[in-house]
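Residue numbers (our numbering): -5 to 179.
Yeah, the Cβ is synthetic: ideal placement off N, Cα and C, and Gly gets one too.
Contents: one structure, followed by commentary.
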């Protein structure tokens, strides 16, 4: 399993889909999963940029990962978003339930990411909701990255301000250099 993390609008879904298509992996967007499976009253909370309960999100992710077992390498897009979710995923790794091969961290400036979010015009891409997601990201990402790194999971940082193909090439180079995949490009 690969995790792809970054601020909202950093290109996580674009890169997940490129990796999945070009490398024969399975992209799992947790945000998309939650938008499809969450009851309407909880979706209203998502529209404000607020996080759903960790237990609910973990259960949804776990169910989907079980459903996808045997489908190939999974790229988990947008999970974990809290330290509790990260700790759960590490527990699963330590119990050999899921492999955790690398963290792909797309680094993007917030103003650049905000422009991307406003262009895609999703219902939850409003100024207040974007600000809420950025604030939540700032509060948790450093601790999440450190937790994985301290537990031996390679963290591959990539400049997300490049065009998508350049970001993809940098991700492949990082995955190659860390020994996660072997690629001749």
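Does the beta-carbon of residue i, which I'm using as the reference point, lie nearer than 7 Å to any heavy atom of the ligand NAD?
| i | result |
| --- | --- |
| residue 11 | Annotation note on the ligand NAD: not contained in the displayed structure, which lists no ligands. |
Among the options, which has the Cα closest to the Cα of residue i?
| i | options | result |
| --- | --- | --- |
| residue 21 | 42, 127 and -2 | -2 |
| residue 78 | 101, 153, 139 and 155 | 139 |
| residue 23 | 56, 67 and 10 | 10 |
| residue 45 | 15, 58 and 131 | 131 |
| residue 148 | 72, 158, 99 and 89 | 99 |
| residue 0 | 157, 66 and 104 | 104 |
| residue 126 | 51, 33, 75 and 31 | 75 |
| residue 156 | 102, 114 and 143 | 102 |
| residue 73 | 35, 2 and 151 | 2 |
| residue 169 | 159, 158 and 152 | 152 |
| residue 51 | 36, 128 and 122 | 36 |
What residue range is occupied by the uninterrupted beta strand (DSSP E) comprising residue i?
| i | result |
| --- | --- |
| residue 0 | -4 to 0 |
| residue 120 | It is not in any beta strand (DSSP E) - residue 120 carries neither H nor E in the DSSP assignment. |
| residue 149 | 149 to 153 |
| residue 96 | 96 to 101 |
| residue 68 | 68 to 71 |
List the whole-angstrom C-beta distance separating residue i from residue j, where the pair is believed to meet the contact cut-off of C-beta under 8 Å.
| i | j | result |
| --- | --- | --- |
| residue 19 | residue 93 | Not confirmed; about 13 Å, so no contact. |
| residue 154 | residue 49 | That pair is no contact at about 30 Å. |
| residue 14 | residue 69 | 6 Å |
| residue 174 | residue 95 | 5 Å |
| residue 7 | residue 71 | 6 Å |
| residue 65 | residue 31 | No, residue 65 and residue 31 are not in contact; Cβ-Cβ is about 18 Å, not under 8 Å. |
Specify, as a first and last residue, the run of the alpha helix (DSSP H) that residue i falls within.
| i | result |
| --- | --- |
| residue 92 | No alpha helix (DSSP H) contains residue 92, which DSSP labels as neither H nor E. |
| residue 158 | 158 to 171 |
| residue 57 | 48 to 62 |
- Hey, is the region 20 to 38 in contact with the region 104 to 111, meaning 3+ C-beta pairs nearer than 8 Å? Segments in contact, no.
- Task: Quick one: which unbroken beta strand (DSSP E) runs of 3-plus residues sit fully inside the region 11 to 39? Chain order, please.
- Result: Counting only runs of 3 or more, we get 20 to 23.
- Inspect the CB distances between the region 154 to 165 and the region 83 to 90 and report whether three or more fall short of 8 Å. Between the region 154 to 165 and the region 83 to 90, the count of Cβ pairs shorter than 8 Å is below three; the stretches do not touch.
- Segment contact, 8 Å Cβ cut-off, at least three pairs: the region 111 to 126 with the region 31 to 48: They touch, by the three-pair rule.
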